[in-house]
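Report on one structure; see the data block that follows.
Chains as they are written, first to last, in the numbering used here: chain A, 10 to 491; chain B, 921 to 1212; chain C, 4 to 521.
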């Protein structure tokens, strides 16, 4: 009879308790299931024994904090038992000053909410936009009744984007990002003009074949006049060192408190152009053809005695000049013809020449650039302040030196054609955005690139009391350990 | 589990979850590129979802330990295991903000990738292999009982041969003068070739079917061997030979089954232990990350 | 009567053959020919039992019957009244969480089966039935037990223990056979039955529960006790229906002829009844009834039956419902036989199955979750073997098929394996572990498992002792749940419990259709 397979025969081959027995496959599965998690625990325990908690760290510390890698307690504070060892602000503030952002800010976030470490060797100041937009995307401020800030709550809550503060400053309520809702720079908004009073025609100055010093012909470039305070010590092609003294005075005479960012040693900002450095070589301040001297570039109150003194000295050595010949060209019709010459006393001569010189200065030489105000009854005019704007954007940083790879006029496009002082030559936000935009092939466009959260004006020095051993532990070199 | 049209709802739901997550991630992440993801609210949500999915997936193992509990059909759990387990990878990747991590987190990410990859590999195997097994191994039995069944096959073969030999001997004994014509030359032992074949080829093969260089372990060679054997023995023994041949065939199929079975379930040796380690370390990571 | 006879008989030592002369002095042997008794001198022996001694044990195989001459014996089921407990009791989620599954038998008291109310007694191989709640009965002089074992070689259905010192005659089948034909003996047995067992027998059948004592007393003398030898036809399909039968002993096959063969509709055993369809319908017999072994029936004539259904409308209603159900089921089966003529399908016996556990091998990863699930829900004992023949790409797993024609039920000495009102075949608590059903099942779906149980120690009263008890187990479809555990636990959607015809007819039909188109 051939072999047959029936259900019953097949079933009866099977030992009914087979599934209770251990089988190699299942056995190994069980062994490995115990062994591998156990291995994981051993691995963690190994770190635990050495109390090395770096294994739990999300990443290496920022370069500035890298020295603290093994000193968790330098930042982490046990708060409320085992389950919280977060970073406390007080630990940050032991070394850093976190000055307040704005008096009217609604709340003060914790340090780590913006400056998150353990993300590799990054700059902690490079915070995410979210840190800023958590407020600025829908800005609400606390009403400050005392102090300079007057907030009208209604306007703050209103839908309009621009909210007036007083009459001049505007601020924007909802900014999501630089490339998105960031408004045009305040200085460039509609109707804004350069407040400067120095008459300057950029167009004229950039023409070729200008008459330069000593009758030379020159082609001027931007950096002939626009330099940072640091570079001001280098040679100026159109400077006149004789006017240096006056130059310094003229800057200080502008009245405003000097901006450290402008006058400091960085190359970030262009220092205000000075007469001595940029104008003197071409623009002579000679006041009398008899004299080689030019007046100092200073206030009328200084110039007047200077002129009088110079003329008095001159007449003392040139008495012949007291005899003043008639100038036929000045004869007026229907008036008696004056004598051929007049003979003046020296004071009379000085007074007359002074009047002539000042007529020249006040009405022509000075006035060519400056705005002079002649007050009634006053003998001398007043020079209006230059209102030179060294930083157009007081709430943001800009560094010209970082932008050195591009020609000045590629951003300040309007400069070559500008004929009026009132023309604003500041590039607009669109110019910035052409490079500063999101993406890996573009320049940084996050808030921190231009704005500083912590108000620099409020910043105070911090005096920390750590010792090197606090951070380095026993690895401090013996030389330092006394 | 076979991935067929019955998975449509799970597929749609999984794609939905993935889509929503990717969208949330995109909305949240793109404007503020950089910064750590895990610690933010959305990052924590992704992390928790990922861990929850992993734990759910791991619970399938626990579920299998208590098959009688009526806590949802096993196949529902299996579907959940497949899809949510798969989803845990994007969740964790979103949680990490596409970073590999550092220290523990790097280990976790490595484990997760291996676990998910082995899972996908296993799912693919379990999708295709059963059909291969059904087609190739028609005489399969229970994997754990293969050795037991083999022992029985050995006995059966031995029994068949003994019986055949005994019958022949009896016939030879009974075959006195009248059958001289048929068996005189053969010396009365027509079953000898069968016996020899059994001892030299079949018995060793049945005793150790996995040994190399055996003719019977190859189907074609076995067919030849049996064809030769048939020529050596009288037709009366052919049914026995047929049975022996079928025993050999079964033996070969069982070898194949054992091999296929290892494929079907071997990957679990990697998948299960690693996933347990993953969940253990994942829990440690969750506690520690919330702590610091 | 018996006592008087007994006084005249000289007692012989235990095991000594009973002389023919001595036997002839007993009235029950009066009609038996002395020659026969002389020829079979050693077929009857004396048995003396001391108080407390065991006469026979349940589950043992034997070939003799006992006739009590003197003393009292108790009949009881020593097997613990328990079934292999399936999980899913009222213990609740946490209860299940904490308790580890172990192999055990659940005592009936702690875990009652749902349908238990239907049966209040256990049929045994004696003139009395055992009450379910207290499975002990008493036998006295003049009573015969062990008939079924003797005639049909079934295992002993109960344990008999001498209550007082007893004397019995142990006889072999040939003697019993002759005795059965002896009128006085029969008369005595009939008498005993009518007096002692008819009440409980009738009352055990659910639908007759409404009968009044008066009516039973009326029936007591009117019923007829009939005997049939194996293969004897009780009634034929198409004959006029003239009586209603209750099965007292043995198994009756109910079958219907259909073109090309015979279809078994049911096997009836003790406590079952038949013949109502013909009587209620007023026509002829709808099926042929054949005795499978030595069968004893209680016949109620058409007249009495009509009187009964008229008097007790509840009984009528019950019978009518049963009759309708049976007819519908029969129709269904016949229709099915005609609709799916697939040879392999039939060859594997799939047609007979009502419910198959199939594993889709294209999906099955052979993870064995179904087996562990089965074992877990049945106290560590699997009732499912993941091995068997294939049909198409389906493995027909070895697990009870709930056959329409349950061969396993034939021969159960205690009627412990039976079919519930729903389709599943279950093994009742009083299973004595004889293994006959496992032997009978053609598919290997019933297995015997040994359990360690504690029972009353009879040698040492008041103490318990551990004994190994065998119980037959088969798939119970996890009826306490909506879905069998194996199917529920399959993670790959491969395991299904299906009605084979519905499940395969569709695919087979489609395949056939396609083949024809080509």
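Built from N, CA and C at the ideal position, the CB exists for glycine as well.
Quick one: residues in its chain with C-beta nearer than 7 Å to the C-beta of residue 472 of chain A, no 5 flanking neighbours on either side, listed in chain order?
Here residue 472 of chain A is taken as the residue at index 463 of the first chain, counted from 1. None.
In chain C, which residues lie with their C-beta within 7 Å of the C-beta of residue 994 of chain B?
Within the second chain, the letter at position 74 stands for residue 994 of chain B. Here the neighbours are 372, 491, 492, 493, 494.
DSSP three-state call for residue 1211 of chain B: helix, strand or coil?
By 1-based counting over the second chain, the position of residue 1211 of chain B is 291. It is helical.
Distance between beta carbons of residue 963 of chain B and residue 1017 of chain B, contact taken as under 8 Å
For this step, residue 1017 of chain B is matched to residue 97 along the second chain. For this step, residue 963 of chain B is matched to residue 43 along the second chain. Right, the Cβ-Cβ distance comes to about 7 Å (below 8 Å), so this counts as a contact.
Counting only Cβ pairs nearer than 9 Å, list the residues of chain B close to residue 367 of chain C.
The residue you call residue 367 of chain C lines up with position 364 of the third chain. What residue 367 of chain C touches in chain B: 1050, 1053, 1054.
With DSSP as the reference, label residue 166 of chain A as helix, strand or coil.
Position 157 of the first chain, counted from the first residue, corresponds to residue 166 of chain A. Its pLDDT being 36, under 50, residue 166 of chain A is placed unreliably in this model, and the value from its coordinates should be taken loosely. Residue 166 of chain A: helix per DSSP, three-state reduction.
Secondary structure of residue 131 of chain A, DSSP reduced to three states
Position 122 of the first chain, counted from the start, is the residue given in the question as residue 131 of chain A. The answer is coil: DSSP assigns residue 131 of chain A none of H, G, I, E or B.
Look up residue 356 of chain A in the DSSP assignment and say whether it is helix, strand or coil.
In the first chain, counting from the first residue as 1, residue 356 of chain A sits at position 347. Of the three classes helix, strand and coil, the one that applies to residue 356 of chain A here is helix, per DSSP.
Return helix, strand or coil for residue 243 of chain C, following the three-state DSSP convention.
Residue mapping note: residue 243 of chain C aligns to position 240 of the third chain, counting from 1. Correct three-state label for residue 243 of chain C: strand.
Nearest to residue 921 of chain B (by Cα), restricted to the options B:1085, B:1184, B:1117:
Looking up residue 921 of chain B in the second chain gives position 1. Taking only the C-alpha atoms, the option nearest residue 921 of chain B is B:1184.
How is residue 427 of chain A classed by DSSP in three states: helix, strand or coil?
Counted from its first residue, the first chain places residue 427 of chain A at position 418. Residue state, collapsed to three classes: coil.
Could I get the ranges of all uninterrupted alpha helix (DSSP H) runs contained in the stretch 24–61 of chain C, with 4 residues as the minimum, in chain order?
37–42
Which residues mark the beginning and the end of the beta strand (DSSP E) in which residue 237 of chain C is found?
Along the third chain, read from residue 1 onward, the residue named residue 237 of chain C stands at position 234. Where residue 237 of chain C is concerned, the enclosing beta strand (DSSP E) stretches over 236–238.
Start-to-end residues for the beta strand (DSSP E) that takes in residue 1124 of chain B:
Taking the first residue of the second chain as position 1, residue 1124 of chain B is located at position 204. That residue, residue 1124 of chain B, is in no beta strand (DSSP E); its alpha helix (DSSP H) goes 1123–1127.
Is the stretch 156–174 of chain C close to the stretch 42–56 of chain C, with three or more CB pairs under 8 Å?
yes
Do you know whose CA, among C:505, C:502, C:197, C:481, lies nearest residue 987 of chain B's CA?
Your numbering for residue 987 of chain B matches position 67 in the second chain. Minimum Cα distance to residue 987 of chain B is reached at C:481.
Would you identify the three-state DSSP class for residue 194 of chain A, choosing helix, strand or coil?
Taking the first chain and counting its residues from 1, one reaches residue 194 of chain A at position 185. Of the three classes helix, strand and coil, the one that applies to residue 194 of chain A here is coil, per DSSP.
Do the stretch 1030–1043 of chain B and the stretch 1185–1201 of chain B touch if we need at least three Cβ pairs shorter than 8 Å?
yes
If we count the other Cβ atoms within 10 Å of its Cβ and call it buried at 16 or more, is residue 390 of chain A buried or exposed?
Taking the first residue of the first chain as 1, we reach residue 390 of chain A at position 381. Looking at its Cβ environment, which holds 16 or more other Cβ atoms inside 10 Å, residue 390 of chain A is buried.
Rank B:1120, B:995, B:937, B:1080 by C-alpha distance to the C-alpha of residue 1014 of chain B and give the top, closest one.
What you label residue 1014 of chain B is simply residue 94 of the second chain in a count that begins at 1. The shortest C-alpha separation from residue 1014 of chain B is found at B:937.
Can you pull the chain A residues whose beta carbon is under 7 Å from the beta carbon of residue 326 of chain C, in chain order?
Counting from 1 along the third chain, the entry for residue 326 of chain C is found at position 323. Correct list: empty, because the minimum Cβ distance to chain A is about 35 Å.
Buried/exposed call for residue 19 of chain C, threshold 16 Cβ in 10 Å:
Taking the third chain and counting its residues from 1, one reaches residue 19 of chain C at position 16. By the 10 Å Cβ count, residue 19 of chain C comes out exposed.
Cα-Cα separation between residue 166 of chain A and residue 1002 of chain B, rounded to whole angstroms:
For the purposes of this step, residue 166 of chain A is identified with residue 157 of the first chain, where counting begins at 1. For the purposes of this step, residue 1002 of chain B is identified with residue 82 of the second chain, where counting begins at 1. Any reading at residue 166 of chain A is ruled out, since the residue's pLDDT is 36, under 50, leaving its predicted position unreliable.
Specify, as a first and last residue, the run of the alpha helix (DSSP H) that residue 863 of chain B falls within.
Lying before the first or after the last residue shown, residue 863 of chain B is absent from chain B, which here runs from 921 to 1212.
Can you give me, in chain order, the residues of the stretch 1187–1200 of chain B that have a beta carbon less than 7 Å from any beta carbon in chain A?
1188, 1189, 1192, 1193, 1194, 1196, 1197, 1200
Is the stretch 406–422 of chain A close to the stretch 436–443 of chain A, with three or more CB pairs under 8 Å?
yes
Cα separation between residue 1134 of chain B and residue 35 of chain A?
Residue 1134 of chain B sits at position 214 when you count from the first residue of the second chain. Residue 35 of chain A sits at position 26 when you count from the first residue of the first chain. Computed Cα separation, rounded: 30 Å.
Are the stretch 1201–1212 of chain B and the stretch 89–99 of chain A in contact at 8 Å, needing three or more beta carbon pairs?
yes
Cβ-based neighbour list, residue 334 of chain A, same chain, cut-off 6 Å, excluding 5 preceding and 5 following:
In the first chain, residue 334 of chain A corresponds to position 325, counting from 1. Excluding residues within five positions, the ones whose Cβ falls inside 6 Å are 350.
Would you mind working out which of B:1075, B:1008, B:999, B:1181 sits nearest residue 931 of chain B, comparing C-alpha positions?
Here residue 931 of chain B refers to the residue found at position 11 when the second chain is read from its first residue. Minimum Cα distance to residue 931 of chain B is reached at B:999.
Over the uninterrupted alpha helix (DSSP H) stretch that includes residue 306 of chain C, give me the two end residues.
Looking up residue 306 of chain C in the third chain gives position 303. From DSSP, the alpha helix (DSSP H) with residue 306 of chain C extends over 305–314.
Alpha carbon to alpha carbon, how far is residue 86 of chain A from residue 100 of chain A?
Taking the first residue of the first chain as position 1, residue 86 of chain A is located at position 77. Taking the first residue of the first chain as position 1, residue 100 of chain A is located at position 91. Approximately 8 Å, taken between the alpha carbons.
Quick one: any contact between the stretch 354–370 of chain C and the stretch 310–322 of chain C, if contact means 3 or more CB pairs under 8 Å?
no
Nearest by alpha-carbon distance to residue 1010 of chain B: which of B:1046, B:1086, B:1118, B:968 is it?
Working through the second chain from its first residue, we reach residue 1010 of chain B at position 90. Comparing Cα positions, the closest option is B:968.
With residue 165 of chain C and residue 24 of chain C assumed to form a contact (beta carbons below 8 Å), what rounded beta-carbon distance in angstroms separates them?
As a working note, residue 165 of chain C is residue 162 in the third chain. As a working note, residue 24 of chain C is residue 21 in the third chain. Their Cβ separation, rounded to whole angstroms, is 26 Å, which puts residue 165 of chain C and residue 24 of chain C out of contact at 8 Å.
Check the Cβ-Cβ distances between residue 16 of chain A and every residue of chain C, and say whether any is below 7 Å.
Within the first chain, numbered from 1, the residue matching residue 16 of chain A stands at position 7. Interface residue, yes.
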